[in-house]
Amino acid sequence: MQGLSTAIAKNVIHHGRVLGRNSQIIQTLRPPCEVFINHRGAETKRSIAGLLHNFLSLLDVHPFLDNRSMKPGDKLFDEIDAAIYGCKVGVVVFSPLYCESRFCLHELALLMETKKRVVPIFCDVKPSQLHVRDDLKHSANNLQRYRHAVEEAKNTVGLTFYSSKGDWSKLVRDASDAVIRNLLEAEEEKPQLEPKCAQSTE
(Lines of atoms letter the chains of each structure in order from A and count residues from 1; the text may use other names and numbers.)
(Lines give C-alpha, C1' and ligand atoms only; values in the text may rest on other atoms or scores of the structure.)
Protein backbone atom coordinates (compact mmCIF):
# COMPACT_ATOMS: atom_id res chain seq x y z
CA MET A 1 0.00 0.00 0.00
CA GLN A 2 2.87 2.36 0.82
CA GLY A 3 4.36 1.72 -2.64
CA LEU A 4 1.08 2.56 -4.34
CA SER A 5 0.62 5.81 -2.45
CA THR A 6 4.24 6.82 -3.16
CA ALA A 7 3.71 6.22 -6.87
CA ILE A 8 0.63 8.40 -6.76
CA ALA A 9 2.39 11.14 -4.84
CA LYS A 10 5.16 11.35 -7.46
CA ASN A 11 2.59 12.18 -10.10
CA VAL A 12 0.97 15.03 -8.15
CA ILE A 13 1.60 18.65 -9.12
CA HIS A 14 3.07 19.80 -5.84
CA HIS A 15 2.54 23.49 -6.24
CA GLY A 16 -0.38 23.82 -8.65
CA ARG A 17 -2.17 27.14 -8.63
CA VAL A 18 -5.95 26.93 -8.75
CA LEU A 19 -8.75 29.46 -8.57
CA GLY A 20 -10.47 29.99 -5.25
CA ARG A 21 -14.03 31.13 -4.69
CA ASN A 22 -13.27 34.64 -5.94
CA SER A 23 -11.68 34.66 -9.37
CA GLN A 24 -9.28 37.39 -8.18
CA ILE A 25 -7.76 35.15 -5.52
CA ILE A 26 -5.37 32.33 -6.35
CA GLN A 27 -4.39 29.79 -3.75
CA THR A 28 -1.29 27.61 -3.83
CA LEU A 29 -1.76 24.20 -2.24
CA ARG A 30 1.02 23.06 0.07
CA PRO A 31 1.06 20.14 0.54
CA PRO A 32 -1.01 19.08 -2.48
CA CYS A 33 -4.53 17.91 -1.80
CA GLU A 34 -5.24 14.54 -3.39
CA VAL A 35 -8.45 13.67 -1.54
CA PHE A 36 -11.13 16.13 -0.44
CA ILE A 37 -13.35 14.94 2.44
CA ASN A 38 -16.80 16.53 2.18
CA HIS A 39 -18.89 16.08 5.32
CA ARG A 40 -21.24 17.75 7.81
CA GLY A 41 -18.91 18.42 10.69
CA ALA A 42 -21.45 18.33 13.52
CA GLU A 43 -22.35 14.74 12.61
CA THR A 44 -19.22 13.08 11.25
CA LYS A 45 -16.08 15.14 11.96
CA ARG A 46 -15.25 13.16 15.10
CA SER A 47 -16.06 9.82 13.54
CA ILE A 48 -15.62 8.73 9.92
CA ALA A 49 -14.29 12.02 8.54
CA GLY A 50 -11.58 12.33 11.19
CA LEU A 51 -10.71 8.62 11.18
CA LEU A 52 -10.43 8.54 7.39
CA HIS A 53 -8.25 11.65 7.34
CA ASN A 54 -5.87 10.07 9.86
CA PHE A 55 -5.70 6.74 8.03
CA LEU A 56 -5.08 8.30 4.61
CA SER A 57 -2.37 10.51 6.11
CA LEU A 58 -0.61 7.40 7.44
CA LEU A 59 -0.67 6.00 3.89
CA ASP A 60 1.12 9.14 2.66
CA VAL A 61 -1.97 10.26 0.77
CA HIS A 62 -2.74 13.95 1.23
CA PRO A 63 -6.37 14.39 2.38
CA PHE A 64 -8.09 17.71 2.99
CA LEU A 65 -10.30 18.09 6.04
CA ASP A 66 -11.21 21.66 6.94
CA ASN A 67 -10.23 21.71 10.62
CA ARG A 68 -7.08 19.62 10.01
CA SER A 69 -5.80 21.19 6.79
CA MET A 70 -6.15 24.93 7.40
CA LYS A 71 -4.31 27.30 9.67
CA PRO A 72 -5.30 30.58 11.36
CA GLY A 73 -5.42 33.35 8.78
CA ASP A 74 -6.53 31.17 5.86
CA LYS A 75 -9.60 32.34 3.96
CA LEU A 76 -12.11 29.58 4.61
CA PHE A 77 -14.07 29.42 1.37
CA ASP A 78 -11.12 30.20 -0.91
CA GLU A 79 -9.03 27.47 0.71
CA ILE A 80 -11.84 24.91 0.46
CA ASP A 81 -12.65 25.72 -3.16
CA ALA A 82 -8.96 25.60 -4.05
CA ALA A 83 -8.65 22.15 -2.45
CA ILE A 84 -11.62 20.89 -4.47
CA TYR A 85 -10.18 22.22 -7.74
CA GLY A 86 -6.82 20.63 -6.97
CA CYS A 87 -7.95 17.22 -5.66
CA LYS A 88 -8.28 14.02 -7.66
CA VAL A 89 -10.89 12.24 -5.56
CA GLY A 90 -13.71 13.47 -3.35
CA VAL A 91 -15.08 11.47 -0.43
CA VAL A 92 -18.64 12.56 0.31
CA VAL A 93 -19.89 11.53 3.75
CA PHE A 94 -23.68 11.73 3.66
CA SER A 95 -25.40 11.90 7.06
CA PRO A 96 -29.01 12.50 8.15
CA LEU A 97 -28.75 16.31 8.20
CA TYR A 98 -26.22 16.66 5.35
CA CYS A 99 -28.66 18.27 2.91
CA GLU A 100 -29.50 21.01 5.41
CA SER A 101 -26.01 22.47 5.03
CA ARG A 102 -25.52 24.75 2.05
CA PHE A 103 -21.76 24.54 2.64
CA CYS A 104 -21.84 20.75 2.18
CA LEU A 105 -24.04 21.11 -0.89
CA HIS A 106 -21.78 23.77 -2.41
CA GLU A 107 -18.73 21.53 -1.99
CA LEU A 108 -20.58 18.54 -3.46
CA ALA A 109 -21.78 20.56 -6.46
CA LEU A 110 -18.25 21.82 -7.10
CA LEU A 111 -16.85 18.28 -6.94
CA MET A 112 -19.41 17.14 -9.51
CA GLU A 113 -19.03 20.17 -11.76
CA THR A 114 -15.25 19.76 -11.88
CA LYS A 115 -15.71 16.08 -12.82
CA LYS A 116 -13.85 14.67 -9.83
CA ARG A 117 -14.07 11.00 -8.96
CA VAL A 118 -16.41 10.72 -5.97
CA VAL A 119 -16.68 8.00 -3.33
CA PRO A 120 -20.00 8.35 -1.46
CA ILE A 121 -20.36 7.07 2.10
CA PHE A 122 -23.95 6.85 3.30
CA CYS A 123 -23.61 7.04 7.08
CA ASP A 124 -26.83 6.41 9.03
CA VAL A 125 -28.88 7.48 6.01
CA LYS A 126 -30.23 5.79 2.89
CA PRO A 127 -29.66 7.39 -0.54
CA SER A 128 -33.44 7.62 -1.00
CA GLN A 129 -33.65 9.81 2.13
CA LEU A 130 -31.41 12.54 0.71
CA HIS A 131 -33.37 15.51 -0.62
CA VAL A 132 -32.56 19.19 -1.06
CA ARG A 133 -35.58 21.14 0.15
CA ASP A 134 -36.82 24.29 -1.54
CA ASP A 135 -36.98 26.34 1.65
CA LEU A 136 -35.90 29.69 0.16
CA LYS A 137 -32.37 29.34 1.57
CA HIS A 138 -30.99 28.73 -1.92
CA SER A 139 -31.19 30.74 -5.11
CA ALA A 140 -33.01 29.04 -8.00
CA ASN A 141 -29.69 28.40 -9.74
CA ASN A 142 -28.04 26.91 -6.67
CA LEU A 143 -31.10 24.82 -5.85
CA GLN A 144 -30.84 23.23 -9.28
CA ARG A 145 -27.07 22.71 -8.90
CA TYR A 146 -27.42 21.12 -5.48
CA ARG A 147 -30.25 18.81 -6.48
CA HIS A 148 -28.40 17.67 -9.57
CA ALA A 149 -25.24 16.99 -7.55
CA VAL A 150 -27.10 14.99 -4.89
CA GLU A 151 -28.85 12.89 -7.53
CA GLU A 152 -25.54 12.25 -9.28
CA ALA A 153 -23.96 11.13 -6.00
CA LYS A 154 -26.94 8.91 -5.15
CA ASN A 155 -26.41 7.15 -8.48
CA THR A 156 -22.73 6.50 -7.75
CA VAL A 157 -21.73 3.22 -6.12
CA GLY A 158 -20.67 3.93 -2.56
CA LEU A 159 -20.42 2.50 0.95
CA THR A 160 -23.34 2.16 3.38
CA PHE A 161 -22.77 2.23 7.12
CA TYR A 162 -24.94 2.26 10.24
CA SER A 163 -23.11 3.36 13.37
CA SER A 164 -25.38 1.37 15.70
CA LYS A 165 -24.18 -1.96 14.33
CA GLY A 166 -21.29 -1.27 11.97
CA ASP A 167 -17.56 -1.88 12.33
CA TRP A 168 -15.77 1.48 12.19
CA SER A 169 -12.37 -0.02 11.44
CA LYS A 170 -13.78 -1.96 8.48
CA LEU A 171 -15.46 1.17 7.15
CA VAL A 172 -12.21 3.11 7.30
CA ARG A 173 -10.33 0.30 5.53
CA ASP A 174 -12.99 -0.08 2.85
CA ALA A 175 -13.18 3.67 2.27
CA SER A 176 -9.38 3.95 2.08
CA ASP A 177 -9.19 1.07 -0.40
CA ALA A 178 -11.83 2.77 -2.56
CA VAL A 179 -9.90 6.04 -2.44
CA ILE A 180 -6.61 4.38 -3.43
CA ARG A 181 -8.27 2.54 -6.34
CA ASN A 182 -9.80 5.76 -7.61
CA LEU A 183 -6.50 7.64 -7.29
CA LEU A 184 -4.73 4.97 -9.33
CA GLU A 185 -7.46 4.98 -11.96
CA ALA A 186 -7.34 8.76 -12.15
CA GLU A 187 -3.60 8.56 -12.79
CA GLU A 188 -4.11 5.97 -15.53
CA GLU A 189 -6.69 8.19 -17.23
CA LYS A 190 -4.33 11.16 -17.47
CA PRO A 191 -3.60 11.89 -21.15
CA GLN A 192 -0.14 10.72 -22.08
CA LEU A 193 2.06 13.01 -24.13
CA GLU A 194 2.89 11.47 -27.48
CA PRO A 195 6.62 11.34 -28.27
CA LYS A 196 7.70 13.84 -30.89
CA CYS A 197 8.50 12.28 -34.24
CA ALA A 198 12.06 12.70 -35.34
CA GLN A 199 12.28 15.18 -38.20
CA SER A 200 13.64 13.87 -41.45
CA THR A 201 17.02 15.25 -42.48
CA GLU A 202 16.47 14.39 -46.13
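If you read the sequence shown in numbering that gives the first Met the number 0, its first letter stands for residue 0, the second for the next number, and so on. From the three backbone atoms N, C-alpha and C, an ideal C-beta is built for every residue, glycine too.
Alpha-carbon to alpha-carbon, residue j and residue i
{"i": "GLU112", "j": "GLY40", "result": "23 Å"}
{"i": "ASP65", "j": "LEU58", "result": "19 Å"}
{"i": "GLN128", "j": "VAL92", "result": "14 Å"}
{"i": "PRO119", "j": "ASN140", "result": "24 Å"}
{"i": "ARG146", "j": "VAL156", "result": "18 Å"}
{"i": "ILE47", "j": "ARG144", "result": "26 Å"}
{"i": "GLU186", "j": "ALA152", "result": "22 Å"}
{"i": "SER56", "j": "LEU142", "result": "34 Å"}
{"i": "LYS189", "j": "GLY49", "result": "30 Å"}
{"i": "PRO166", "j": "LEU158", "result": "The identity of residue 166 in the sequence shown is Asp, whereas the question assumes Pro. Those two C-alpha atoms are separated by around 13 Å."}
{"i": "SER168", "j": "ALA148", "result": "29 Å"}
{"i": "PHE160", "j": "GLU150", "result": "19 Å"}
{"i": "ASP176", "j": "SER163", "result": "23 Å"}
Buried versus exposed call for residue i [16 or more other C-beta atoms within 10 Å across all chains shown]
{"i": "ASN37", "result": "buried"}
{"i": "ASN53", "result": "exposed"}
{"i": "VAL90", "result": "buried"}
{"i": "VAL124", "result": "buried"}
{"i": "ASN154", "result": "exposed"}
Residue i CB to nearest heavy atom of the ligand MN below 7 Å
{"i": "PRO119", "result": "This structure lacks the ligand MN, and indeed carries no ligand of any kind."}
Residue i vs residue j beta-carbon contact at 8 Å
{"i": "LEU109", "j": "ASP134", "result": "no"}
{"i": "VAL171", "j": "LEU51", "result": "yes"}
{"i": "VAL117", "j": "VAL34", "result": "no"}
{"i": "ARG101", "j": "HIS137", "result": "yes"}
Member of the options whose CA lies at the smallest distance from the CA of residue i
{"i": "GLU78", "options": "TYR161, VAL92, GLU106", "result": "GLU106"}
{"i": "ALA174", "options": "TYR84, CYS122, GLY85, PHE76", "result": "CYS122"}
{"i": "SER94", "options": "LYS44, THR155, GLU187", "result": "LYS44"}
{"i": "ALA82", "options": "ARG144, SER163, CYS32, GLU99", "result": "CYS32"}
{"i": "CYS98", "options": "THR159, LEU183, GLU42", "result": "GLU42"}
{"i": "PHE279", "options": "CYS103, LEU96, SER56", "result": "What is shown of the chain runs 0 to 201, which leaves residue 279 out entirely."}
{"i": "LYS115", "options": "PHE63, SER100, GLY85", "result": "GLY85"}
{"i": "PRO126", "options": "LEU96, SER56, SER168, LEU142", "result": "LEU96"}
{"i": "PHE63", "options": "VAL178, LYS189, GLU188, GLU186", "result": "VAL178"}
Residue-level contact to chain B via CB, residue i, 8 Å cutoff
{"i": "LEU51", "result": "In the structure shown, chain B does not exist; there is a single protein chain."}
(request) Please list the segments of the alpha helix (DSSP H) lying wholly inside the segment 73 to 150, counting only runs of 4 or more residues, in order along the chain. (result) 75 to 85, 101 to 112
(message) My parser needs the alpha helix (DSSP H) runs of 4 or more residues fully inside the segment 30 to 62; what are they?
(response) 40 to 43, 49 to 57
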